[in-house]
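Single-structure report; data block below.
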Amino acid sequence: MNKRFYILVLLIIVLSGCKSDITDLNVNPNDSQTPDPDLLFKHSVKRGMSNYLTATNLEYNGIAHWVMYFSSRGGINANTPYISPPGGDNYWSETYIDAMNNAQIIIDYDETANEDFSNLKAVALIWKSFLAHRVTDLWGAIPYAEALQGNPELSLAPGYDTQQVVYTRLFADLELAASLLDDTAEAIHADSDLLFGGDIDRWRRFANTLRFRLAMRVSNVNEALAAEVLTDLESADLFMSNTGSAEFQFNSVFNNPLNEAGNIRFSEGAQYVNPSKFLVDLLLEKDDPRIKFYVEEASLYDTFDFLDRYKGVPSLLPFTSEEWEDYNLDETLGDPNGEWGDVSRIGKFFMTNERPVPLLSYSELCFLQAEASLRGLWSGNADELVKEGVRAHMEHMNFHNYSDHEAIDEQEIAEYVSAISGVDLEEVITQKWLLFTYENTLEAFSEYRRTGFPTLVDFYGVAIDNSLFPQRLKYPNSEFTLNQENYLEALELQGSDELTTPLWWSN
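Residue 8 is where the sequence shown starts when you use the working numbering, and the numbers rise one by one after that.
Right, here's the structure in full:
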């Protein structure tokens, strides 16, 4: 007999004598095979806050330009005034794979007899809902009911739900999660909760305040649903002050993306991206005392006082325009470096890493309530609610002022808010837009699509062409290649995969 026969016989004997599944060889006896829910939640929140490159590409170089917080020097190509930001694909994958997936594992977690994770499971559902609302507001129809299920058949092709269906699920999940939170049950470990440090009451208020935001988001297309949600919230716990707001604290390891963009990539950021003319002009028009926090004085203003103290860079101005001759006057003023010293930079207030970044604030709730009051959906005086929201924001900026600018004094605050009267929807949303400056561009983008406010104008003061304004992001390439059948079905439900295809709630 040849050698190969003996080898085959020997292998059969060895394998037949194995009592354990061969997959046991891949199990590390020193590692737990049960995921730690606390670590999963901490990672979910962190990953849900995106990272430097994703945020820079999606928001600071993309959406923030669309809604005119930022503008790039040198102008645009008149044929392509709005371009699809490259960070969308990464935001989709990071949110689904890292943030929402880890939250779902906690929601599905099988508790042991000795441990109670009921509160952690409830806050995971709230956090997942917050993330899903951001995703659907960027894309519209998304995989939701069939997503994040851990299918044993390893299906990588979940079906899409329409935005209307997603919102219905979000309302139900947030209401359920808030009701499940139990002050007498096992507490959430403070070090694993990067938002509220384990405070159950703040999570409950966050869930309810988020429902308020979502109710107003759908109010144009389903006012009855919005009214139903708001009626339920009349007796619910909501944010009551700045101390209850949902904020994320970046640190030296996980830097605030705007801070990182301003320091690690400062030369590029200083050279190409500035506050927009629209933002600066609006602040000047309103004589808004927050301007010193939002934008810096032009660096050459002290030397040449005939220059504008605050000057923004035009949005939607073609690079071929002669108007650019009135910008970057440095060389003619004796500065051979040409550093655009005649325009304002992003305020140092926003370039600090110590100040927490708001996700949903008490000020925003005031503006939401003001709009609901105007529509007869909420009690309270709209003027007073707007005043409260503005005051709360200014006081919050003072409290977290890590810049070298003096605080906004009480007289400035009082004079500004006392002038607010007879507010309408445009004023409410404009004040909300100012609240969202730089740091909450996703919400500013949503509110503009929903309301058309503030009225964005070009360099010449002409209102922009809303038929060209982006209404959503294009789906990631991975959806076309890995989930093509469901992707094509989503387009049949929603419309073509283009920037200008409107979402359900913006119709």
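We treat Cβ as the ideally placed atom computed from N, Cα and C, and that holds for glycine.
- Could you spell out the range, first to last residue, of the alpha helix (DSSP H) harbouring residue 131? That run of the alpha helix (DSSP H) goes 125-146.
- Query: Distance, Cα to Cα, residue 164 vs residue 98?
  - Reply: Roughly 19 Å between the two C-alpha positions.
- Item | 8 Å contact criterion, which residue 349 and residue 307 should meet: CB distance rounded | That belief holds up - the Cβ atoms of residue 349 and residue 307 are roughly 6 Å apart, short of 8 Å.
- Have a look at residue 286 and residue 510 and give me their C-alpha separation to the nearest angstrom. Taking the CA atoms as reference points, residue 286 sits about 26 Å from residue 510.
- Query: Short check: CB of residue 466 to CB of residue 291, under 9 Å?
  - Reply: Cβ distance not < 9 Å, so residue 466 and residue 291 don't count as in contact.
- Query: Is it true that the CB of residue 299 sits closer than 9 Å to the CB of residue 403?
  - Reply: 9 Å or more divides the Cβ of residue 403 from the Cβ of residue 299.
- Item | the region 208-216 touching the region 245-252, judged by at least three CB pairs closer than 8 Å | Taking 8 Å as the limit for Cβ pairs, the verdict is that the region 245-252 does touch the region 208-216.
- Taking residue 265 and residue 67 to be in contact with their CB atoms under 8 Å, please state how far apart those CB atoms are, rounded to whole angstroms. Contact between residue 265 and residue 67 holds, since their C-beta atoms are separated by about 7 Å, short of 8 Å.
- Item | residue 405: first and last residue of the uninterrupted alpha helix (DSSP H) it sits in | It spans 389-406 - the alpha helix (DSSP H) in which residue 405 sits, taken as one unbroken run.
- Item | Continuous beta strand (DSSP E) stretch holding residue 367: start and end | Taken as a continuous stretch (DSSP letters only), the beta strand (DSSP E) holding residue 367 covers 364-367.
- Item | 7 Å Cβ shell around residue 477 - same chain, five flanking residues per side excluded | If we look at residue 477 and ignore the five residues flanking it on each side, its Cβ neighbours are 73, 89, 506 and 507.
- Could you check if residue 62 is buried or exposed, using at least 16 other CB atoms within 10 Å of its CB as the buried criterion? Taking every protein chain shown into account, the CB of residue 62 has 16 or more other CB atoms within 10 angstroms, so this residue is buried.
- Task: Answer with buried or exposed for residue 110, where buried requires no fewer than 16 other C-beta atoms within 10 angstroms of its C-beta.
- Result: Buried, because 16 or more other Cβ atoms sit within 10 Å of the Cβ of residue 110.
- Task: Closer than 6 Å by C-beta to residue 455: which residues in its own chain qualify, once you throw out the five before and the five after it? Chain order, please.
- Result: Cβ neighbours of residue 455 within its own chain (closer than 6 Å, five residues either side excluded): 74.
- Message: Rounding to the nearest angstrom, what Cα-Cα distance links residue 69 and residue 95 in this structure?
- Response: Their backbone Cα atoms lie some 10 Å apart in a straight line.
- Query: Between the C-alpha atoms of residue 253 and residue 330, what's the straight-line distance to the nearest angstrom?
  - Reply: Roughly 42 Å between the two C-alpha positions.
- Message: Measuring CB atoms only, is the region 330-339 touching the region 355-365, in the sense that at least three cross pairs come out at less than 8 Å?
- Response: Counting Cβ pairs under 8 Å, fewer than three are found: no touch.
- Query: Pick from 166, 219, 249 and 445: whose alpha carbon is nearest that of residue 401?
  - Reply: Comparing alpha-carbon positions, the option among 166, 219, 249 and 445 lying closest to residue 401 turns out to be 249.
- Message: Along the chain, where does the alpha helix (DSSP H) containing residue 52 start, and where does it finish?
- Response: First-last of the alpha helix (DSSP H) with residue 52: 44-55.
- For the alpha helix (DSSP H) holding residue 234, just list the boundary residues, first then last. Residues 230-240.
- is_contact[residue 285, chain D] using C-beta, thresh 9 Å: This model lacks chain D altogether, as it is built from one protein chain only.
- Item | Coarse secondary structure for residue 168, derived from DSSP in three states | Three-state result, residue 168: strand.
- Measuring CB to CB, does residue 136 end up less than 9 Å from residue 187? With contacts defined as CB atoms closer than 9 Å, residue 136 and residue 187 fail to qualify as a contacting pair.
- Kindly indicate the opening and closing residues of the beta strand (DSSP E) around residue 253. Boundaries of the beta strand (DSSP E) around residue 253: 253-255.
- Query: Between residue 388 and residue 380, what straight-line distance do the alpha-carbon atoms span, to the nearest angstrom?
  - Reply: Going by the C-alpha atoms only, they are around 7 Å apart.
- Taking just the CA atoms, how far does residue 471 sit from residue 3? Because the chain spans 8 through 514 in this model, residue 3 falls outside it and cannot be assessed.
- Closest residue to residue 100 among 236, 386, 154 and 233 (Cα-Cα distance): Ranking the options by Cα distance to residue 100, first place goes to 154.
- Quick one: what's got a C-beta closer than 6 Å to residue 55's C-beta in the same chain, skipping five residues either side? Contacts found: 106 and 138.
- Item | Distance between residue 194 and residue 208 (C-alpha atoms, nearest Å) | The alpha-carbon separation between residue 208 and residue 194 amounts to approximately 11 Å.
- Run of the alpha helix (DSSP H) containing residue 435, from where it starts to where it stops: Following the DSSP letters along the chain, one finds residue 435 inside the alpha helix (DSSP H) bounded by residues 432-442.
- Item | DSSP beta-bridge partners of residue 280 | Answer by DSSP bridge pairing, in chain order: 79.
- Buried or exposed by the 16-neighbour rule on C-beta atoms within 10 Å, applied to residue 322: Burial call: buried.
- Task: Using alpha carbons as the reference points, say which of 464, 58, 384 and 461 lies closest to residue 227.
- Result: Taking only the C-alpha atoms, the option nearest residue 227 is 384.
- Task: Taking all protein chains shown into account, decide if residue 420 is buried (16 or more other Cβ within 10 angstroms of its Cβ) or exposed.
- Result: Under this definition residue 420 is a buried residue.
- Query: Under a Cβ-count criterion, where at least 16 other Cβ atoms within 10 Å of its own Cβ denotes burial, should residue 85 be classed as buried or exposed?
  - Reply: With fewer than 16 Cβ atoms within 10 Å of its Cβ, residue 85 is classed as exposed.
- Residue from 297, 221 and 429 with nearest C-alpha to residue 457: That would be 221, whose Cα lies nearest to the Cα of residue 457.
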